[in-house]
Every structure is written in C-alpha cells, then in structure tokens.
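Below is one structure, written out as structure tokens; comments come after it.
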Amino acid sequence: KEKVEITKEQQALMKIITDAYNRHQIPQDVAKKLLQDQYSAEENFLLLTEMATSQVQVLVEFTKNIPGFLSLDREDQIALLKGSAVEAMFLRSAQVFSRKMPSGHTEVLEERIRKSGISEEFITPMFNFYKSIGELHMVQEEQALLTTVTILTPDRPYVKDQQAVERLQETMLDVLRKLCVLQHPQEPQYFARLLGRLTELRTLSHYHTEMLASWRMNDHKFTPLLCEIWDV
Ligand SMILES: O=C(NC1CCCCC1)[C@H]([C@@H]1CCCCO1)n1c(-c2ccc(Cl)cc2)nc2cc(F)c(Cl)cc21
Numbered sequence: 045k046e047k048v049e050i051t052k053e054q055q056a057l058m059k060i061i062t063d064a065y066n067r068h069q070i071p072q073d074v075a076k077k078l079l080q081d082q083y084s085a086e087e088n089f090l091l092l093t094e095m096a097t098s099q100v101q102v103l104v105e106f107t108k109n110i111p112g113f114l115s116l117d118r119e120d121q122i123a124l125l126k127g128s129a130v131e132a133m134f135l136r137s138a139q140v141f142s143r144k145m146p147s148g149h150t151e152v153l154e155e156r157i158r159k160s161g162i163s164e165e166f167i168t169p170m171f172n173f174y175k176s177i178g179e180l181h182m183v184q185e186e187q188a189l190l191t192t193v194t195i196l197t198p199d200r201p202y203v204k205d206q207q208a209v210e211r212l213q214e215t216m217l218d219v220l221r222k223l224c225v226l227q228h229p230q231e232p233q234y235f236a237r238l239l240g241r242l243t244e245l246r247t248l249s250h251y252h253t254e255m256l257a258s259w260r261m262n263d264h265k266f267t268p269l270l271c272e273i274w275d276v
C-alpha cells in the first residue's frame, strides 16, 4: 500500500489557493436573498446576471493567486478565464447549493430556483449536477483545487501554449489526488468521481446560452462583461 504524502511545497500551494478561494467569494449571499423572498422571473434573471458578473470579477482576482498563472502568456490567461467562467459559475452555484443549511432551507432554495424562470428542460440536469456535487461532501481545499483544475484546462479555445497550461494543471491534479486519498481513505475511487463531475460540468455549461435565452421573460439584458464572457 503506497504511502501518500503531501510535500511541504504542495502544502504551501494548497494554502495559497484555499485562502485565495475563500477570500474571493461573492459579497452578498445569494442563497440568503433567495430564501428571504420570492422574486419574479425578471428579478431572478437580474439577480443571476448581477451575481455572475461579480463572480467573473472575483474569478479574475482568484486566478492571480494561482502560482504560475501570471507567468502564462497573457492572451492564454484571457482564453483560460473566458473558457472556464461559465463552468466556474455552475461549480460555485453547486457548492452554494450543497452548503449545510438549517433543515428545510435547501428544499425552499430548490423550489425558488425551479420557479425562477429557467425553462423546464434544464432544471433536471442542473439539479442532478448540484446533487452529485453535494454527495461528494468536498472539503474547502478540494473545492478550491477543483475550481483551479477547471480554470487550468489546456484545451480551451484559443489557448496557444497548451503544454504550459497542462504542466500547471498537472501540478494541481497531483495535490488534489493526494488530498482525496488522505481525506477519503475508505473511498479509493473518490478522486476519479471528482474528475467525473468535471465532465458533467462541461456538459451542463454547454446549455447555458439556451438556458439564458429561454428564461421565461422578454428582452434579456446582459452586462457588457457578461456579453464578453457568455456567448450572448
Ligand atoms: O445567481 C445564481 N448563482 C450564482 C452565480 C455566481 C456564483 C454564486 C451563485 C443563480 C440564480 C439565482 C436566482 C435564481 C436563478 O439562479 N443560481 C443558479 C443558476 C446559475 C445559472 C443558471 Cl443559467 C441558472 C441558475 N443556481 C443556483 C443555485 C443556488 F444554490 C443559488 Cl444560491 C443560486 C443559483
């Protein structure tokens, strides 16, 4: 049985990334807002675009703390951010949804989101993904590293130096793999399950343009930043 050990450097790397991840979170708590009031489809759409816009800004700040990211080609840094923003948004939404809440709150939150204006066909795949993330019971280090691995996906459109991104991603994957073995010793397949969620995340993210266009309301307005990041 090979002894898995996280090195001092990997420990330091994990701390930098987890601290940055916890620092750069959405200011006002969107879950609390949704639990407080019921909103119209228009208000929910506005809430989503506001939250998503501020999350993109937070994501940019977070990536500056990923060791090695700023050494990448600048255009590749943009390509990685643009290519991962939607996935990072759904991953963050899933992590917010999966947070431990007082009993009955998650059900209310689910109901509010089901009725928020999203068209029916996307509700099931979205909640299937949220629940599959919830079942993993990730610790915060795993959440931070999983978001980092998602950002450092080499095969995003327009990335020129894929090898450089691959090297960075592999560094993060090695730490994540060891962390999974140490955090979930009874479940040797845990790391593989975690990476399997990234496939589900990419599939869900393919729907995001349609999810937004089919929001039950007229005249979908987006912020300039979202027009840049989302293909809308
Ligand atoms: O604002 C949201 N998410 C932000 C995005 C930035 C990071 C923080 C979370 C949305 C909004 C909230 C108003 C009703 C419609 O969903 N949201 C989505 C979602 C995301 C993409 C699409 Cl296209 C549809 C829905 N899933 C959520 C799960 C949740 F638990 C909570 Cl609290 C909110 C969630």
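Position in the sequence shown (from 1) plus 44 gives the number in this note's numbering. Ideal Cβ placement from N, Cα and C applies to all residues, glycine included. Since the structure is predicted, the reported quantities are computational estimates derived from the model, not experimental observations.
Distance between beta carbons of residue j and residue i, contact taken as under 8 angstroms
i    : j    : result
L125 : L103 : 7 angstroms
W274 : H252 : 7 angstroms
L245 : L135 : 6 angstroms
K222 : Q54  : 7 angstroms
Simplified DSSP state of residue i, which is helix, strand or coil
i    : result
N172 : helix
I177 : helix
H228 : coil
V48  : coil
T267 : coil
I70  : coil
Burial state of residue i, where buried means 16 or more other Cβ atoms lie within 10 Å
i    : result
E119 : exposed
E131 : buried
T51  : exposed
T107 : buried
G148 : exposed
C224 : buried
Other residues of its chain near residue i: CB distance less than 8 angstroms, five sequence neighbours each side excluded
i    : result
L220 : E186, L189, L190, V193, F235, L238
E164 : none
Other residues of its chain near residue i: CB distance less than 7 angstroms, five sequence neighbours each side excluded
i    : result
G161 : A85, N88, F89, W259, R260, M261
Nonlocal neighbours in the same chain, by C-beta distance under 6 angstroms from residue i, ignoring five residues either side
i    : result
T243 : none
S166 : At residue 166 the sequence reads Phe, which differs from the Ser that was named. Around F166: Y251, M255.
Enumerated in chain order, which unbroken segments of the alpha helix (DSSP H) with a length of 4 residues or greater are wholly contained in the stretch 184 to 256? 184 to 195, 206 to 227, 234 to 250
Every unbroken alpha helix (DSSP H) inside the stretch 100 to 171 [4 residues or more]: With a minimum length of 4 residues, the continuous alpha helix (DSSP H) runs that stay inside the stretch 100 to 171 are 118 to 141, 149 to 158.
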